[in-house]
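**Student:** Chains as they are written, first to last, in the working numbering: chain A, 1452 to 1729; chain B, 18 to 346.
C-beta atoms are modelled at their ideal positions from N, C-alpha and C, and glycine is treated no differently.
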């Protein structure tokens, strides 16, 4: 077999192994496992009730999106929840590995250090994606979200680009956890910006000018805006070029920097002998 | 033949706010394929650091190390494919997963495919008497079971080199003995693997190892067959002499006697002088003559400790097991 194909097969098997391990681990906490799904359903109910508060009147700020407030909320809420996983997941899973004492056993296997450190997050990302699809389906079929004009391909492209951008930021968090054994101290900032500035509950356009500038410094604001245009108005990839370009720009900057930060952290802990410390 | 493990002037310093800690100093060592080599020393001697460097988990400050000719710094991927590491911490598993699930996961990370992995896992579980517990969560395992699973994990990909970092730490005597027998029989006699073991346990060192390196403060103090090291150490016996009065000049005189290796005045008062003598043999005529020449009255002369303890003291080894001392004494 060609070495490249052989290596790719091994890598795929390793990813599947991480995925299976994640499922075994998550499903071993049965109540938590069920609660996660139940909570996701309740969130939809909350969005529905919140949208009912506005009644049929469509706020002026929503006019640009061409849809109702529930669909607006649904897209913002479920995508923000999924996409934000990328920010924290690597760091959180790394913390779990450190406390379980499994970091060093992972790092002496025939697996690249990057994959060994980040593979644990795969289950959460896949589970989150399944949950996102389920929430959109329930939102549409049970609560009446309007996706009649949705351009799913454009939404998928934007989602992928945002996942890469936010996971690249997540590499910094992983590097921080590895080097300092504590979660990123800026995570509070991420939460605030995510739910206040990124346009989860309201369009970014209604923010004061100075806050809007800050909001657009984060990839999620662009992602949610683009996703709403794709799913509520049915904008094509060509019409969404600006969002695609911005997200690509974030990726070009964040991915190499994040990878560099994590590599630096790995070298640092190997020099100081603190890889397994917590 | 390429040596299994080579270290050349290996040194490592851990940075610390109170000044760097020298974990390893200029360690040069060669271990041949199929050899069971023991690293013996107290806590902080540098044993684990050496193993971690060889396992690519720590980057040394200076020097070089190779495993089967692959450099640990420049070719870490090749090195990792050749080694299995048994951690001293038995809590290095996913506790909520079963033993089988843990091994399946680590097998995939070691490039073992489905059917080959399943076959190998079944073989190892049977070998370490864990088949019955295979489908129970690891968090319900005893320390001994976890350590056996630890060894099984290190053997999954059948590596030619195994590092055992205090594999019997925290085990009861019987379980430790069972594991030792299994390690010797399986790893060396049947599978001819190269093993590097760190231990505090004299019995473990003597029973398992072909050669032993004694580490102290990061430096390699002695290397040799355990029997030879013990024989050499046994040739030195410490006797404690208690003499009436101050006995001026006696200690100096004793240092010149051929059978005396070292002299230490343990205490001295107006009424009593206590001297510890390291002798190559039991006290004999030359010692009694020296005491007589100084007109001293001997209150007491008794062995202070046996040879192994002398060895331990000589190399500043503090963490040994008293039970082993009795067995070897």
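Only counting the same chain, and skipping five residues up and downstream in sequence, which positions put a Cβ closer than 7 Å to that of residue 1712 of chain A?
**Tutor:** Taken in chain order, the residues that qualify are 1622, 1623 and 1626.
**Student:** By alpha-carbon positions, which one of B/272, B/291, B/29 and B/121 ends up nearest to residue 1470 of chain A?
**Tutor:** The shortest C-alpha separation from residue 1470 of chain A is found at B/121.
**Student:** Flag this pair as yes or no: are the beta carbons of residue 116 of chain B and residue 153 of chain B separated by less than 8 Å?
**Tutor:** In contact: residue 116 of chain B and residue 153 of chain B (Cβ atoms closer than 8 Å).
**Student:** For the beta strand (DSSP E) that contains residue 283 of chain B, what are its first and last residues?
**Tutor:** Unbroken beta strand (DSSP E) run through residue 283 of chain B: 277-285.
**Student:** Could you tell me whether the Cβ of residue 111 of chain B comes closer than 8 Å to any Cβ of chain A?
**Tutor:** It does: the Cβ of residue 111 of chain B has a partner Cβ on chain A nearer than 8 Å.
**Student:** Quick check on residue 83 of chain B: does DSSP put it in helix, strand or coil?
**Tutor:** Strand.
**Student:** How do the segment 1670-1684 of chain A and the segment 1607-1615 of chain A stand: do at least 3 beta-carbon pairs fall below 8 Å, yes or no?
**Tutor:** The segment 1670-1684 of chain A is in contact with the segment 1607-1615 of chain A.
**Student:** Ordered along the chain, which non-local residues of its own chain (more than five positions away) have a Cβ less than 6 Å from that of residue 161 of chain B?
**Tutor:** Answer for residue 161 of chain B: 188 and 192, listed in chain order.
**Student:** Alpha carbon to alpha carbon, how far is residue 203 of chain B from residue 298 of chain B? Give it in angstroms, no decimals.
**Tutor:** So the two alpha carbons sit approximately 40 Å from each other.
**Student:** Report the neighbours of residue 158 of chain B on chain A: residues whose CB is nearer than 9 Å to its CB, in chain order.
**Tutor:** The contacting residues do not exist; residue 158 of chain B stays about 14 Å from chain A at best.
**Student:** By Cβ distance below 7 Å, which residues in the same chain neighbour residue 1686 of chain A in space, the five residues on each side in sequence not counted?
**Tutor:** Cβ neighbours of residue 1686 of chain A beyond the five flanking positions: 1602, 1605 and 1680.
**Student:** List, in order along the chain, the chain A residues whose C-beta lies closer than 8 Å to that of residue 151 of chain B?
**Tutor:** None at all; the shortest Cβ gap to chain A is about 14 Å.
**Student:** Measuring alpha carbon to alpha carbon, tell me which residue in A/1662, A/1538 and A/1628 is nearest residue 1716 of chain A.
**Tutor:** For the residues A/1662, A/1538 and A/1628, the minimum Cα distance to residue 1716 of chain A belongs to A/1628.
**Student:** Give me, in chain order, the residues of the same chain whose beta-carbon lies closer than 6 Å to that of residue 1630 of chain A; leave out the 5 immediate sequence neighbours on both sides.
**Tutor:** Hits under 6 Å: 1716 and 1719.
**Student:** When you compare the CB positions of residue 82 of chain B and residue 70 of chain B, do they come within less than 8 Å of one another, or not?
**Tutor:** Their beta carbons are under 8 Å apart, which means residue 82 of chain B touches residue 70 of chain B by this criterion.
**Student:** Select from B/105, B/151, B/37 and B/311 the residue whose C-alpha is nearest the C-alpha of residue 267 of chain B.
**Tutor:** With distances taken between Cα atoms, residue 267 of chain B lies closest to B/311.
**Student:** Should the segment 137-153 of chain B be called in touch with the segment 45-55 of chain B, which here means at least 3 C-beta pairs below 8 Å?
**Tutor:** No, they do not touch.
**Student:** Quick one: residues in its chain with C-beta nearer than 6 Å to the C-beta of residue 78 of chain B, no 5 flanking neighbours on either side, listed in chain order?
**Tutor:** So the list reads 28, 29 and 30, once near-sequence residues are dropped.
**Student:** Using CA coordinates, which residue listed in A/1542, A/1493, A/1518 and A/1620 is at the minimum distance from residue 1671 of chain A?
**Tutor:** It is A/1620 whose Cα lies nearest to the Cα of residue 1671 of chain A.
**Student:** Between which residues of its own chain and residue 1466 of chain A is the CB-CB distance below 7 Å, once the five residues before and five after are set aside?
**Tutor:** So the list reads 1570 and 1573, once near-sequence residues are dropped.
**Student:** Examine chain A for any beta-carbon lying closer than 8 Å to the beta-carbon of residue 136 of chain B, and answer yes or no.
**Tutor:** With 8 Å as the cut-off, residue 136 of chain B does not count as an interface residue toward chain A.
**Student:** In the DSSP assignment, find the alpha helix (DSSP H) that holds residue 159 of chain B and state where it starts and stops.
**Tutor:** Note, residue 159 of chain B: premise wrong, no alpha helix (DSSP H); not H, not E.
**Student:** Can you find at least 3 beta carbon pairs, one from the segment 1547-1564 of chain A and one from the segment 1693-1708 of chain A, that sit closer than 8 Å?
**Tutor:** At 8 Å Cβ cutoff, the stretches do not touch.
**Student:** What are the partner residues of residue 319 of chain B, as DSSP defines its beta bridges?
**Tutor:** DSSP, once it has assigned bridges, lists B/257 as partnering residue 319 of chain B.
**Student:** Distance, Cα to Cα, residue 1496 of chain A vs residue 1526 of chain A?
**Tutor:** Roughly 14 Å between the two C-alpha positions.
**Student:** Could you list which residues in chain B have their beta carbon closer than 7 Å to that of residue 1475 of chain A, in chain order?
**Tutor:** Ordered by position in chain B, the residues that pass the 7 Å Cβ test against residue 1475 of chain A are 114 and 118.
**Student:** Is residue 1600 of chain A buried or exposed, if buried means 16 or more other CB atoms sit within 10 Å of its CB?
**Tutor:** Its Cβ having fewer than 16 others within 10 Å, residue 1600 of chain A is exposed.
**Student:** So who's on the other strand from residue 289 of chain B, going by DSSP bridges?
**Tutor:** Per DSSP, B/261.
**Student:** Below 8 Å, can you find three or more Cβ-Cβ pairs linking the segment 156-172 of chain B to the segment 95-114 of chain B?
**Tutor:** Judged by Cβ distances under 8 Å, the segment 156-172 of chain B makes contact with the segment 95-114 of chain B, as three or more pairs qualify.
**Student:** Can you find a C-beta in chain B that's less than 8 Å from the C-beta of residue 1632 of chain A?
**Tutor:** Judged by the 8 Å Cβ criterion, residue 1632 of chain A is not in contact with chain B.
**Student:** Taking any Cβ of chain A, which residues in the segment 160-178 of chain B have a Cβ under 8 Å from it, in chain order?
**Tutor:** Answer set for the segment 160-178 of chain B: 170 and 174.
**Student:** Roughly how many whole angstroms lie between the Cα atoms of residue 1632 of chain A and residue 258 of chain B?
**Tutor:** The straight-line gap from Cα to Cα measures roughly 55 Å.
**Student:** Helix, strand or coil: which one does DSSP assign to residue 325 of chain B?
**Tutor:** With a pLDDT of only 47 at residue 325 of chain B, under 50, the local geometry of the prediction cannot be trusted, and the value read off the model is given with reservation. If DSSP states are grouped into helix, strand and coil, residue 325 of chain B belongs with the helices.
**Student:** List, in order along the chain, the chain A residues whose C-beta lies closer than 7 Å to that of residue 32 of chain B?
**Tutor:** Residues of chain A passing the Cβ test: 1723.
**Student:** What is the DSSP secondary structure of residue 335 of chain B, reduced to helix, strand or coil?
**Tutor:** Confidence is the limiting factor: at residue 335 of chain B the pLDDT is only 38, short of 50, which leaves the residue's position unreliable, though a coordinate-based value still follows. Correct three-state label for residue 335 of chain B: coil.
**Student:** Indicate the three-state DSSP secondary structure (helix, strand or coil) for residue 1673 of chain A in the structure shown.
**Tutor:** If DSSP states are grouped into helix, strand and coil, residue 1673 of chain A belongs with the helices.
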